[in-house]
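In the numbering used here, the protein residues as written are 54 to 253.
Cβ coordinates follow ideal geometry from the N, Cα and C atoms, glycine included.
Note that this is a predicted model, so its numbers are computed, not measured.
These notes are about the structure you will find just below.
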């Protein structure tokens with residue numbers, strides 16, 4: 054798929070497969086990620102199995118824009134301004150979840166969820182076609198230090214556990230920077246592709 058001009062027909066096909074409970078690998082502005090429909094228990098279970106995640110792992114809702122993001126997290130004015138200044142971009146923000154977020158996606162104790170707005174043409178086209186956030190997690194395999202960067206490699210190694218690989222060429226190897234705003238102040242959880250200086 055062309056990274057700057059994705060074919061609408063292909064995007065529509067991928068979106069339809071997601072609506073039908075498919076689990077995909079797709080490129081973002083940081084690195085490849087696993088994605089499925091927001092309410093897909095099967096997709097969540099498959100992501101947990103592929104990455105060997107425990108129930109404390111923060112899943113991320115990848116949103117098209119702030120209007121969509123605001124449906125799923127509670128956010129005050131100060132936090133809104135801080136996030137708006139750095140999105141779209143390679144950041145994941147942890148915030149208190151609203152009732153729109155299925156309980157199985159929330160942190161079991163904190164009732165929080167990760168959200169992000171990516172700066173990637175293919176991902177944005179897919180989100181626009183889908184009309185809802187993608188449930189997502191970095192495509193980082195157990196015992197590996199960096200995510201895979203090539204669509205063909207992902208297809209070669211994970212074709213048996215994925216329904217589709219959206220290949221738009223090379224992708225980065227650095228996951229998003231994670232900022233926890235659930236306590237009101239910015240707490241840097243992970244330094245990644247996004248510049249942390251504005252949050253320090």
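Is residue 69 helix, strand or coil when you go by DSSP? Under the three-state reduction of DSSP output, residue 69 falls in the helix class.
Taking the CB atoms as reference points, tell me whether residue 91 and residue 170 lie closer together than 8 Å. Residue 91 places its beta carbon 8 Å or farther from that of residue 170.
In the structure shown, what three-state DSSP assignment does residue 161 receive? Three-state result, residue 161: coil.
Starting from the C-beta of residue 64, find all residues in its chain whose C-beta is less than 7 Å away, skip the five residues before and the five after it, and write them out in chain order. 178, 179 and 182.
Using only the alpha-carbon positions, how far apart do residue 232 and residue 216 sit? C-alpha separation (whole angstroms): 31 Å.
When 243, 230, 220 and 236 are compared against residue 60, the one with the closest alpha-carbon: Nearest in C-alpha terms to residue 60, of all of 243, 230, 220 and 236, is 220.
Given this structure, state the Cα-to-Cα distance separating residue 243 from residue 133, to the nearest angstrom. Approximately 20 Å, taken between the alpha carbons.
CB-CB length for residue 173 against residue 249, believed under 8 Å: Going by Cβ atoms, the distance from residue 173 to residue 249 rounds to 20 Å, so no, they are not a contact pair.
Under DSSP, the alpha helix (DSSP H) around residue 102 begins and ends at which residues? Start and end: 94-104.
Would residue 102 be called buried (16 or more neighbouring beta carbons within 10 Å of its own) or exposed? When all chains shown are included, residue 102 counts as exposed.
Find out if the Cβ-Cβ distance for the pair residue 214, residue 204 is shorter than 8 Å. Going by C-beta atoms, residue 214 is not nearer than 8 Å to residue 204.
So, using beta-carbon positions, are residue 202 and residue 226 closer together than 8 Å? Closer than 8 Å, so yes.
In whole angstroms, what is the alpha-carbon distance linking residue 85 and residue 130? Using only the alpha carbons, I get a separation of about 31 Å.
Pull up the DSSP beta-bridge partners for residue 181, would you. Residue 181 is not bridged to any residue.
Based on Cα-Cα distance, which residue from 198, 223 and 194 lies nearest to residue 211? Of all alpha-carbon atoms in 198, 223 and 194, the one lying nearest the alpha-carbon of residue 211 is that of 194.
Leaving out five residues on either side along the sequence, give the residues of the same chain with a beta carbon under 7 Å from the beta carbon of residue 149. Contacts found: 126, 127, 164, 165 and 235.
CA nearest to the CA of residue 167, picked from 157, 114 and 206: The shortest C-alpha to C-alpha distance from residue 167 to any of 157, 114 and 206 is the one to 114.
Based on Cα-Cα distance, which residue from 137, 118, 145 and 124 lies nearest to residue 154? The residue with the shortest Cα to Cα distance from residue 154 is 124.
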